[in-house]
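Quick notes on the structure that follows.
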Amino acid sequence: MGPSTKEVEPSGHRVVYVAHPSSGLGRSNFPIECHVVDNKIVRCLPIRLPESVRLYEIRTSRGTFTRPRKEVQMPLAYSWKRRIHCADRVAYPLLRADWSPDDPRPQSRGRSRFVRISWDQAVDIVVSQLKKIRDRYGSMESVLVQADGHGQSGYLQTLRFWGHYLFEQMHDRLGWGWWLQQMRNPDSWEGYYYGAKHVWGFEESLGEPWQDAVWDDVLENTEMVLFSGNDPEATGFGMSGSIATIMTRWLKQAGIKIVAISPDLNYAGAVCADKWIPLKPNTDAALYLAVAWVWIAEGLYDRDYVATHTVGFEQFKEHVLGRDDELPKTTQWAEKITGVPAHTITALAREWARRRTTLSVYFGGPKIRGTMSHLVGRLEAYVMAMQGIGKPGRQFLRVGAPSFDKKALAQVPRYPAVDKTGVPFNPVLEYAIGRAPKSPVFVPRTLVADAVLNPPVSWRGSTAALADSEDQFKAYQFPPAPDHPGIKMIWNENGNQVGSWTHGRRWIDALRHAGLEFIVGVHPWLENDQLFSDLILPAQTAFEHEDLIAVRRSEILALFYQERAIEPVGEARSDYEIHRLIAQALGIGSAFPPAQEWLKRDYEQTFAFRQLGVSWEEFKRRRFVIYDCPSWQEWVEIKKQHGYGEREGGLAWFWKAGQGLQTPSGKIEFVSQRILQHAPDDRERPPLAQWIEHAELSTSAKARRYPLLVVANHPRLRFHVQGDDIDWLREMWKIKGPDGFLYEPCRIHRSDAAARAIAHGDIVMVYNDRGKVLFAACLSERIIPGAVYTEHGARMDLIEVEGEIIDRGGDINLITPSPAEKYQPGERVRIPEMNVSGFLVEVEKVDIGKLLANARPHRAGAAPA
Amino acid sequence: MAKKRMFINLRECTGCGLCQIACKDEHVGNGYLPWSAPQPDTGQFWIKVHCQERGQIPKVAVTYTPLLCVHCENAPCMKVCPDQAIARTEEGLVWISPEKCSGCRLCQPACPYDAIYFNERLNVAQKCTLCAHRIGKGQLPRCADLCPRDAILFADEDDALLEQLRPEAEALHAEYGTRPRVEYVGLPRPFVAGTVVDAARAEVVANVRITARDLFNDREITALTDGFGDFWLRNLEKGHRYAIKAAKEGYQESVVVVVAEEDRNLGEIRLPRKAEAGAALSH
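So this is what it looks like as structure tokens:
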């Protein structure tokens, strides 16, 4: 018999709360509880909500639903500490060895080594380059500022938007003119933003219906939930933490049938779906048309609702029946396009009509980020209207805790006053997610490569996340005038264009463009785009500074105070402090008060300070305020004040009112009055959404060369591009090639693999005209034949083979289409959309030994020690 | 000291990998003598999640199985250790003392669960300790602590927490005969699934009675097709032969014989209507 485990481990550690590493954008999930001993993070634990915090209850006739006190984040969060001292950590200011102000050698970017310089030197270089731009080109309009990424989730210190704030201060306080603002397009919500908004509005939530008290209704009334590419186990868990998986459990406990509709059987579908309907990528629009056809043919839709709540249905009906184009949208028609058997489409339509059915996404799944996804966004809204969205059990449901979500009430019982001021909003968030660009000189993120390589570019819509729908028809261009110097410098705080946006391979060409004189990066790691910087300013991880943690990505709201867990690594500074330093050197330091001052000021606007009377000092001592939820009785009372019955929620108000949507008619518009007014002849986005063939479908001419369609989902273990270097995650997920390298997996159906003589674990080249990326084949039944499954955000790792650049990191976004491809050169881009899932490739087995024998690394050396 | 037991409920496991990361977080670079020496940065998996893709498109399910040392009551590793370095704690956990281990590596091949790793640098055999350094303090093993759905339950073996699952708990590979203290609920057994279709009408057929008769022992399992025409016959006996009959009033019966060697999607089962079948015959 051995000893008793009563013998205790060494004690004397410090407990520090640290913001979620990667959901970012100025708000956080619940933090990580870090245990620190001797300047080392020894362990990272989940949060347990104290018993003193009152949790909510959702009371239904099917049972009472609540959440556990344990609150867990994605695995990335507990392994983020591996990034503190990893090989590619930038600990000092780094200058590209062969860059000089007079001879920038843009072609060497991404190839040559970096050397360590001092902060004084780094600040001097930045300031002199800015002054040079100002002197030579008259304003900051030649500086492209890329500052809109997720990043780590501190409230102030790790924000990725300070560049915009800094340049706005230069405009306001120095009179240096505007800067070129990169506008973050509505990336994960594309089809709802460019499409569904024209059907039902919901402008503040990017085209997705409000979630007010939605769970009360769903758990009481819904009989079937369609997971349209919804993956609470990946996207939901990453964005919201473990509540996403708990909410899925609620659905099961309530006896609700889950039907997954997606080309891939995703992580949630694989463990909780009762039925999987695989369909060819980005053909959901045809599926919805055929579902509508069944309903019309069999009289299974809600005629009364359609008559009172919608406009333009007759035209849709004519189209579905083929009276306008002699092509009835039958189940047989849709079977050919979608690959879903006609009998399954019929069954889906009948079940959807017969059972109270809710459609569920987090953002929208792979269908919503493809070519012309605005069509499917609208068709989804059409079919939901035909079954009376807002009626009991018939809702649009977002599983997780979405950021833009409501009319007045939270999705679960919360006090509206806490929603309003419980957690502060850092106003600089508006640079990334706002109503309009702050600088009148801007370019959408999907068109930046074209703006560098091939100006002028012109397009419609500012692409601002919260812009009103009218804005989508406004014409913009860059450069704003013909004699404009164009882009000469880049200020890059994102570092992820190659890994999560459109046609990353082309962005590499842009970064090496001869006209680009200087690229400054701000980042903690030497990775992806940052490899192409001329100067890198070393940023900190969240472990290295104090900050506020604004818990707004969970369904329960809270504030935490983040103490510094460990000493800063090398000479790294926080993102805020880096920009503050530059501002001070420019003589505008007063725009950046000491961090504590900023945090205290914003804290003192909150419910915790104003209503609960917790002073800043006391808050820092307590280290958190977690807001109570109302009791069920209180919640029922709150709902009553907002016009909801006890178990009503979601769009019940619209069902009852039949008006009040943010559309010209106030109703659901099958025929968009706004499109009819602004662009009646637009064949790409016609007033009535239809099935429209395009270049990235298996019916296109290109499909003869590139017969497979890529599905690229939000990753489960990374957060977009963040964290792909973490060794614990790599060994869990990647597949070791014969050369010992860990390759990113790519799922391919057995039949497609057999046709290409590909075996499980083989290294394969996934390629199209845009580039070549290596993966390890993973033979699977979880992907429909004709498609391959990948997850975006794998870290780029370029090699050169006989002068050609190939990525062996599995960075699929290198070969995604640019929205400009759909148009003639020089033509205005009508919809600057983002296609990052659903594009054609071929997959081929490679002899990796032979390939590598002729290869050399693209990059001269790793980060200096 | 009460004996401990762990149940891993595979019905709750979504394969998120948090148990594996929790273990790394606790043990990589952290030693807890006398219980454990630090785990190397990579390459050891005191707990890891095995992913099993089951069936064929579109009838596919995934079962995730967290694998770790199962802390056998009849532990083969203990028997082969020449140094008496492998002991049993009062709680019943099997523990390799890093201070006594001589690095002979005999325990590795002795473990039928492949749960023992070897640390070259420290010259010791290592494996899951169920976080022995924590449980004495009343804390959970880190894998159980971080599991977001409490699929991993750990408690005194007579604790009420385990009561509900106890009747279903079973050893992984009970045939090894080592009597593990870590047991599983919901270990996968073969399924057979399919969709019943009225091909003439291009419709699925709901409420078809599916009867699977085990030809080894005549036991029957039944299911009804749902609104999608789907049926799932779960928890079949591996290797048994089943006669699967689809029957509904007004339709001809269909029977297929299947060996439940692995999970099977039978695809579409065509069930012609009786009148139509008759009409076809009369031609």
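First to last, the sequence lines map onto chains S and A.
For any residue, its number in my numbering is found by taking its place in the first sequence, counting from 1, and adding 9.
Every letter in the second sequence is one number past the one before it in my numbering, and letter 176, counting from 1, is 172.
For each residue, glycine too, the CB sits at the ideal point set by N, CA and C.
These figures come from a predicted structure and were not determined experimentally.
Own chain partners of residue i with C-beta closer than 8 Å, once the 5 adjacent residues on each side are dropped
{"i": "S/Asp518", "result": "Ala458 and Leu462"}
{"i": "S/Lys15", "result": "Low per-residue confidence applies at S/Lys15: pLDDT is 41, beneath 50, and the placement is therefore not dependable enough to give any value."}
{"i": "S/Phe325", "result": "Ala301, Tyr391, Phe679, Val680 and Leu697"}
{"i": "A/Leu29", "result": "Pro94 and Glu95"}
{"i": "A/Asn115", "result": "Ala33, Gln35, Pro36, Gln40, Ala121 and Gln122"}
Residue i - containing beta strand (DSSP E), residue span
{"i": "A/Pro62", "result": "Lys55 to Leu64"}
{"i": "S/Met498", "result": "Met498 to Asn501"}
{"i": "A/Lys0", "result": "Lys0 to Asn5"}
{"i": "A/Lys44", "result": "Ile43 to Gln52"}
{"i": "S/Pro866", "result": "Ala864 to Pro866"}
{"i": "A/Glu264", "result": "Arg260 to Arg266"}
{"i": "A/Met74", "result": "Segment Pro72 to Val76 is the alpha helix (DSSP H) holding A/Met74; no beta strand (DSSP E) there."}
{"i": "S/Lys854", "result": "Leu849 to Lys854"}
{"i": "A/Gln122", "result": "Val120 to Gln122"}
{"i": "S/Gly149", "result": "According to the sequence provided, residue 149 of chain S is Met. The question's Gly does not apply to it. Looking at the DSSP string, the run of the beta strand (DSSP E) that includes S/Met149 is Met149 to Gln155."}
{"i": "S/Asp556", "result": "Asp556 to Val560"}
Beta-carbon gap between residue i and residue j smaller than 8 Å
{"i": "S/Pro747", "j": "S/Gly858", "result": "yes"}
{"i": "A/Glu179", "j": "A/Ala156", "result": "no"}
{"i": "A/Pro184", "j": "A/Gln48", "result": "yes"}
{"i": "S/Ile499", "j": "S/Leu525", "result": "yes"}
{"i": "S/Asp771", "j": "S/Leu717", "result": "no"}
{"i": "S/Leu557", "j": "S/Val634", "result": "no"}
{"i": "A/Leu267", "j": "A/Val188", "result": "no"}
{"i": "S/Gln481", "j": "S/Gly495", "result": "no"}
{"i": "S/Cys638", "j": "S/Tyr65", "result": "yes"}
{"i": "S/Asp157", "j": "S/Arg193", "result": "yes"}
{"i": "S/Ala410", "j": "S/Ser563", "result": "yes"}
{"i": "S/Ile821", "j": "S/Val719", "result": "yes"}
{"i": "A/Arg280", "j": "A/Cys68", "result": "Lying before the first or after the last residue shown, residue 280 of chain A is absent from chain A, which here runs from -3 to 279."}
{"i": "S/Trp664", "j": "S/Lys400", "result": "yes"}
{"i": "S/Gly508", "j": "S/Val730", "result": "yes"}
{"i": "S/Glu42", "j": "S/Cys53", "result": "yes"}
Continuous alpha helix (DSSP H) stretch holding residue i: start and end
{"i": "S/Lys289", "result": "Unbroken run through S/Lys289: none, as it is neither H nor E."}
{"i": "S/Ser382", "result": "Ser382 to Met395"}
{"i": "S/Ser137", "result": "Trp128 to Tyr146"}
{"i": "S/Ile808", "result": "From DSSP, S/Ile808 is part of no alpha helix (DSSP H) but of the beta strand (DSSP E) over Leu807 to Val810."}
Own chain residues within Cβ distance below 6 Å of residue i, not counting five before or after
{"i": "S/Met10", "result": "With a pLDDT of 37 at S/Met10, under the threshold of 50, the modelled position of that residue is not reliable, and no figure is offered here."}
{"i": "A/Glu153", "result": "Lys(-1) and Arg1"}
{"i": "S/Met256", "result": "Val408"}
{"i": "S/Pro875", "result": "Because chain S is modelled from 10 through 874, residue 875 of chain S falls outside the range shown and cannot be assessed."}
Residue i: CB within 7 Å of a non-hydrogen atom of the ligand FMN
{"i": "S/Gln682", "result": "This structure lacks the ligand FMN; in fact it carries no ligand of any kind."}
Residues near residue i by beta carbon distance below 7 Å, same chain, minus five either side
{"i": "A/Cys127", "result": "Glu22, Pro137 and Arg138"}
{"i": "S/Ala351", "result": "Thr340, Gln341 and Glu344"}
{"i": "S/Pro115", "result": "Arg521, His522, Ala523 and Leu525"}
| query | Can you list the beta strand (DSSP E) stretches of 3 or more residues lying completely in the region 241 to 286 of chain S, in chain order? | reply | If you keep only unbroken beta strand (DSSP E) runs of at least 3 residues inside the region 241 to 286 of chain S, you get 266 to 270 and 284 to 286.
| request: Pick out the complete alpha helix (DSSP H) segments inside the region 191 to 246 of chain S, 4 residues or longer, and give them in chain order. | output: 206 to 209 and 223 to 230
| Can you list, in chain order, the stretches of the beta strand (DSSP E) that have 3 or more residues and sit fully within the region 425 to 489 of chain S? | 451 to 453, 466 to 469 and 484 to 487
| query | When you check each C-beta in the region 353 to 379 of chain S against every C-beta of chain A, which residues fall closer than 9 Å? | reply | Thr353, Thr355, Ala356, Leu357, Arg359, Glu360, Arg363 and Arg364
| query | If you measure beta-carbon to beta-carbon, which residues of the region 137 to 157 of chain A are closer than 9 Å to chain S? | reply | Here the close residues are Arg138, Asp141, Leu142, Cys143, Pro144, Arg145 and Asp146.
| task | Could you list the residues in the region 68 to 96 of chain S with a C-beta less than 8 Å from some C-beta on chain A, going in chain order? | result | Pro77, Lys79, Val81, Met83, Pro84, Tyr87, Ser88 and Lys90
| field | alpha helix (DSSP H) runs contained entirely in the region 34 to 120 of chain S, provided each spans 4 or more residues | value | 84 to 88
| message | Ignoring anything shorter than 4 residues, give me the alpha helix (DSSP H) runs that lie fully in the region 756 to 817 of chain S, in order along the chain. | response | Counting whole runs of 4 or more residues, the region 756 to 817 of chain S contains the alpha helix (DSSP H) stretches 759 to 764.
| said: Give me the subset of the region 546 to 566 of chain S whose CB atoms are less than 9 Å from a CB atom of chain A, sorted by chain position. | reply: none
| query | In the region 162 to 231 of chain A, which residue ranges form an unbroken beta strand (DSSP E) of at least 3 residues, counting only runs that do not cross its ends? | reply | 178 to 181, 188 to 194, 205 to 210, 216 to 220 and 226 to 229
| said: Give me the subset of the region 708 to 741 of chain S whose CB atoms are less than 9 Å from a CB atom of chain A, sorted by chain position. | reply: Arg725, Leu726, Asp736, Trp737, Leu738, Arg739, Glu740 and Met741
| request: Please name the residues in the region 224 to 244 of chain A whose beta-carbon is closer than 7 Å to at least one beta-carbon of chain S, in chain order. | output: Going along the region 224 to 244 of chain A in chain order, one finds Phe224, Gly225 and Asp226 with a Cβ nearer than 7 Å to chain S.
| request: Just list the beta strand (DSSP E) runs in the region 573 to 636 of chain S, keeping only unbroken ones of 3 residues or longer that don't cross its boundaries, in chain order. | output: 633 to 635
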